[in-house]
Amino acid sequence: MAFCEFCGDPIGYLPFTCKYCAGVFCKKHR
545 MAFCEFCGDP IGYLPFTCKY CAGVFCKKHR
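Numbering (my numbering), first residue to last: 545 to 574.
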């Protein structure tokens, strides 16, 4: 399971990957 790099919440769906920094984020912090 992925975790949001901003808030640390577990992501139970397809996470959003930033095309600039390659970070993984939840839908609140995309």
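Idealized CB from N, CA, C, for every residue including glycine.
Which of helix, strand or coil DSSP assigns to residue i
i       : result
Pro-554 : strand
Ala-566 : coil
Beta-carbon contacts of residue i that lie in its chain and below 6 angstroms, excluding the five residues immediately before and after
i       : result
Val-568 : Ala-546, Glu-549, Pro-559 and Thr-561
Pro-554 : Met-545 and Phe-547
Under 8 angstroms between C-beta atoms of residue i and residue j
i       : j       : result
Cys-551 : Cys-565 : no
Same chain, Cβ closer than 7 angstroms to residue i, five either side skipped, listed in chain order
i       : result
His-573 : Cys-548, Phe-550 and Cys-551
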